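Numbering (our numbering), first residue to last: 816 to 947. Below is one structure, written out as structure tokens; comments come after it.
Right under this line is the structure:
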């Protein structure tokens with residue numbers, strides 16, 4: 816039996832059609848597998864508890880948020896929010912600044928004195944327990 820050109824074309828067309836159906840069927844199967852894998856391993860944000868979402872928060876750090884100072888040929892970056900606190904402090908009257916500084920350093924010195932006394936007492940107790 817001799818094939819006519821139209822029969823030859825139909826044969827090629829059927830072969831191509833069969834191959835395309837196999838490719839589409841494989842693609843659909845792979846897509847379904849991928850969806851099942853995602854569903855098993857991925858969790859949407861709406862289903863996460865708030866505690867987990869809060870741990871995921873990342874604050875962006877931009878150069879424009881900082882003011883740079885050159886101190887002893889070192890670049891020091893100061894957050895603009897910290898500078899704003901200083902600017903507010905700068906507008907206080909002189910006597911209020913002095914009082915705030917005295918209170919700050921007084922509290923700091925009290926803490927140092929307390930730490931030193933505590934260290935002395937601990938070493939004294941340690942020495943007393945070692946003697947007996």
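Backbone N, C-alpha and C fix where the C-beta goes; we use that ideal spot for every residue, glycine too. Values in this document were obtained by computation on a predicted structure and should not be read as measured data.
Backbone secondary structure at residue 935 - three-state DSSP: helix
Contacts around residue 897, its chain only, beta-carbon distance under 8 Å, and the 5 residues preceding and following it disregarded: none
Contact set for residue 841: own chain, Cβ-Cβ below 8 Å, skip 5 residues either direction: none
Inter-residue spacing [alpha-carbon to alpha-carbon] between residue 908 and residue 879: 31 Å
Same chain only: Cβ atoms within 7 Å of residue 837, ignoring 5 sequence neighbours per side: none
Nearest to residue 895 (by Cα), restricted to the options 825, 889 and 882: 882
In DSSP terms, what residue 881 is bridged to: 894
Proximity test, residue 898 beta-carbon vs the ligand NAD heavy atom, cut-off 8 Å: Only the bare structure without any ligand can be found here, which leaves the ligand NAD out of the picture.
Contained beta strand (DSSP E) runs [length at least 3] in the region 843 to 882, N- to C-terminal order: none
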